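Just below is one structure, and these are the notes that go with it.
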């Protein structure tokens, strides 16, 4: 189960993997366009917590704020690896991606779930998975090659 919360709620409670919480929430209206199962969370309480674990992957600490993730840049992540090893890691991410099929008709859109890794390039758990194929105008297909990941993470060293 995944839960969508706002920046203020995260800053107040400092949520991380290993907490047991209670509260009220609503199921998202369209799961194809959302990255979480539930949102509109209220009456949150932390019931119990486990110690933080930052010694090795998957990293289970308090996650950084969103601008930090944007600055780091994502790499595509194998769905199988994400589901088996990275769902509890602060660097693993599954999000709804909006695809504009025809740039001349921007109302024609498609949504799908994609997995990304924002973690260190030398993470032993990382597996890139197949290149992504994006449908386009008049049946054209764009394939996102490896150089895209390299470009998006070019400012980082292997261990950051």
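Residue numbers (my numbering): 437 to 596. Beta carbons: idealized from backbone N, C-alpha and C, even for Gly. Here the structure is a predicted model, which is why all the values come from computation and not from measurement.
In this chain, residue 588 is not harboured by any beta strand (DSSP E); it is covered by the alpha helix (DSSP H) spanning 582-588.
The Cβ atoms of residue 524 and residue 557 lie no closer than 7 Å to each other. Of the candidates 560, 566, 552 and 538, the residue whose Cα lies closest to the Cα of residue 575 is 538.
The three-state secondary structure of residue 450, taken from DSSP, is coil. Pairing residue 512 with residue 473, the inter-Cα distance amounts to about 22 Å.
Judged by their CB atoms, residue 560 and residue 469 are not nearer to each other than the 7 Å cut-off. In the DSSP assignment, residue 552 falls within the beta strand (DSSP E) that extends over 541-553.
When secondary structure is reduced to three states using DSSP, residue 500 falls in the coil class, being assigned neither helix nor strand. Between residue 551 and residue 518 the beta-carbon gap is near 4 Å, inside 8 Å, which marks them as a contact.
Residue 574 sits in a helix when the DSSP states are folded into three classes.
Check the Cα spacing between residue 592 and each of 563, 508 and 442: the tightest is with 508. Contact between residue 501 and residue 454 is ruled out by a C-beta separation of about 20 Å, above the 8 Å threshold. DSSP, reduced to helix, strand and coil, places residue 481 within a strand of the structure shown.
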